[in-house]
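Have a look at the structure below before the remarks.
There are 2 protein chains.
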Amino acid sequence: MDSLDYKIISSLVDNGRSTWSELASNLQMSAPAIADRVRRLEEQGIIKGYSALLDSETLGYGMTAFISISIDRMEHRALFLAKVAELAEVQECHHAAGEDDYLLKVRCRGTKDLDRIISEELRQLPGVFKTRTTIILSTVKETHNIPLTESD
Amino acid sequence: MDSLDYKIISSLVDNGRSTWSELASNLQMSAPAIADRVRRLEEQGIIKGYSALLDSETLGYGMTAFISISIDRMEHRALFLAKVAELAEVQECHHAAGEDDYLLKVRCRGTKDLDRIISEELRQLPGVFKTRTTIILSTVKETHNIPLTESD
DNA sequence: GTTATCACCTAATTTAAATAGTTTATTTTA
DNA sequence: TAAAATAAACTATTTAAATTAGGTGATAAC
């Protein structure tokens with residue numbers, strides 16, 4: 001990981017479909033050299049993959065909510081995690097320190113959809129004894145960038 | 001937006017660098033037809049762009065935290081939002097309904113780094129009178145997929 | 001001091017993207 | 001209802017990029 005790798009990564013975060021030729025001319029290198037470096041970054045697992053970024057609002061998923069969940073017993077966790085994996089509306093599930101056990105980020109069509117996820121999917125699960133939902137009114141910033149200035 | 005568009009989108013979410021030729025042969029179409037459809041999806045804003053997905057742990061950003069923030073006066077918001085935009089560690093900033101005003105997702109190197117962001121960056125801002133930090137112990141699920149089965 | 005190794009290069013080949021022109025089906029309009 | 005327009009696909013061609021192969025120079029290992 002040198003500064004050239006950081007520049008390549010940064011370019012690919014900004015434009016995941018950029019061609020090697022394009023990167024090569026921006027960074028004053030040959031295309032095969034870029035291809036080599038990218039292949040290495042992929043093999044090292046630094047670059048996990050590439051993805052199209054979608055506009056959830058345009059696709060009808062205009063509501064975002066965070067749901068904190070408490071689970072009473074260890075043995076209920078597996079079922080909960082299976083449900084979370086299954087639910088396409090659950091974009092993120094984090095095991096949290098502090099008051100609640102899990103923090104979910106949910107993307108859904110609206111309040112009815114959110115109600116269904118909470119009442120019919122999550123609260124039906126054994127062990128789920130408490131949920132706290134925070135509805136998002138607007139999103140000011142949303143990236144998956146990582147600071148790439150410091151050393152590695 | 002027909003079922004073919006959904007298939008194309010879904011493929012490009014899974015592999016953002018897939019070639020038109022590849023998509024074409026998977027979906028029994030010609031490459032120019034795929035290119036046309038993708039161009040339209042981009043123009044409509046349904047596909048916002050493409051990005052490389054990075055492994056934050058491997059890059060040294062092994063700590064994730066959510067920070068709830070309360071701000072006391074309207075006129076302090078602009079400065080807060082400017083700071084949030086500036087901080088590379090803040091991946092998300094949502095305006096939330098409920099007890100606190102904003103919910104931040106922060107990706108940082110460790111506890112020292114998190115402390116700096118909270119104590120030196122955020123709590124220094126005028127109007128920020130309350131923060132509540134939830135540290136993430138592990139992440140079970142993390143995608144930016146949107147359910148693509150229902151109609152649009 | 002010789003030999004490996006690494007990261008790059010150029011040149012050639014293979015593959016994909018972009019463009020242009022055509023066909024077909026569907027919808028609009030006379 | 002018939003004619004025209006539109007939309008979305010196709011094929012064939014051109015242009016551009018990716019891949020591969022072979023070679024060079026610097027650095028590290030023996």
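Chains as they are written, first to last, in the UniProt record's numbering: chain A, 1 to 152; chain B, 1 to 152. For every residue, glycine included, the Cβ atom is placed at its ideal position computed from N, Cα and C. All figures in this text were calculated on a predicted structure; none of them were measured in a lab.
In three-state terms, what does DSSP make of residue i?
i, result
"B:THR133", "strand"
"B:THR111", "helix"
"B:TYR50", "strand"
"B:HIS95", "strand"
"A:LEU23", "helix"
"B:MET63", "strand"
"A:GLU142", "strand"
"A:SER68", "strand"
"B:LEU104", "strand"
"B:LYS7", "helix"
Assign residue i to one of two classes, buried (16 or more other C-beta atoms within 10 Å of its C-beta) or exposed (fewer than that).
i, result
"A:THR149", "exposed"
"A:ASP152", "For A:ASP152, the pLDDT reaches just 48, beneath the cut-off of 50, and the residue's location in the model is therefore unreliable, although a value from the coordinates is still provided. The residue is exposed, with fewer than 16 neighbouring Cβ atoms inside 10 Å."
"A:ASP101", "buried"
"A:GLY16", "buried"
"B:SER51", "buried"
"A:PHE80", "buried"
"B:SER138", "exposed"
"B:GLU89", "buried"
Going along chain A, which residues have a C-beta under 8 Å from residue i?
i, result
"B:LEU12", "SER51, ALA52"
"B:LEU103", "PHE66, THR134, ILE136"
"B:GLY127", "The premise fails here: B:GLY127 is roughly 15 Å from chain A at the closest Cβ pair, so nothing lies under 8 Å."
"B:HIS144", "SER51, LEU53, LEU54, GLN91, HIS144"
"B:ILE9", "ALA52, LEU54"
"B:THR58", "GLN44, GLY45, ILE46"
"B:GLY110", "Simply none; closest approach about 12 Å."
Below 8 Å on the Cβ atoms is my guess for residue i versus residue j; work out the distance and round it to an integer in Å.
i, j, result
"B:LEU104", "B:ILE67", "4 Å"
"B:LEU23", "B:SER11", "6 Å"
"B:LEU122", "B:ILE69", "7 Å"
"A:GLU92", "B:LYS141", "6 Å"
"B:THR58", "A:GLY49", "13 Å between Cβ atoms; not a contact."
"B:ARG37", "B:ILE8", "6 Å"
"A:SER56", "B:ILE118", "With a Cβ gap of about 29 Å, A:SER56 and B:ILE118 do not count as contacting."
"A:ALA96", "B:THR134", "5 Å"
"A:HIS94", "B:ILE136", "4 Å"
"A:ALA33", "A:SER21", "About 11 Å separates the two Cβ atoms, so there is no contact after all."
"A:VAL13", "B:LEU27", "Going by Cβ atoms, the distance from A:VAL13 to B:LEU27 rounds to 28 Å, so no, they are not a contact pair."
Could you name the residues of chain B that residue i contacts, counting a contact when the two beta carbons are closer than 8 Å?
i, result
"A:LYS141", "VAL84, ALA85, VAL90, GLN91, GLU92, CYS93"
"A:LEU81", "VAL140"
"A:ALA97", "THR134, ILE135, ILE136, LEU137"
Regarding residue i and the ligand ATP, is the C-beta to nearest heavy atom distance less than 6 Å?
i, result
"B:ASN15", "As far as ligands go, the structure on display features none, and thus does not contain the ligand ATP."
Could you tell me which chain A residues have their CB closer than 7 Å to the CB of residue i, listed as they occur along the chain?
i, result
"B:ASN26", "Those within 7 Å of B:ASN26 in chain A number zero; the least Cβ separation is about 15 Å."
"B:PRO147", "ALA88, GLU89"
"B:ASP55", "GLY45, ILE46, LYS48"
"B:ARG107", "ILE146"
"B:GLY16", "GLY16, ARG17, TYR50, SER51, ALA52"
Note to self: For the structure I just gave you, are there three or more beta carbon pairs, one from the region 109-124 of chain B and one from the region 51-64 of chain B, closer than 8 Å?
What the structure shows: In short, these stretches touch, since the Cβ pair count reaches three.
Item checked: Cβ contact (3+ pairs, closer than 8 Å) linking the region 114-133 of chain B and the region 73-91 of chain A -> no
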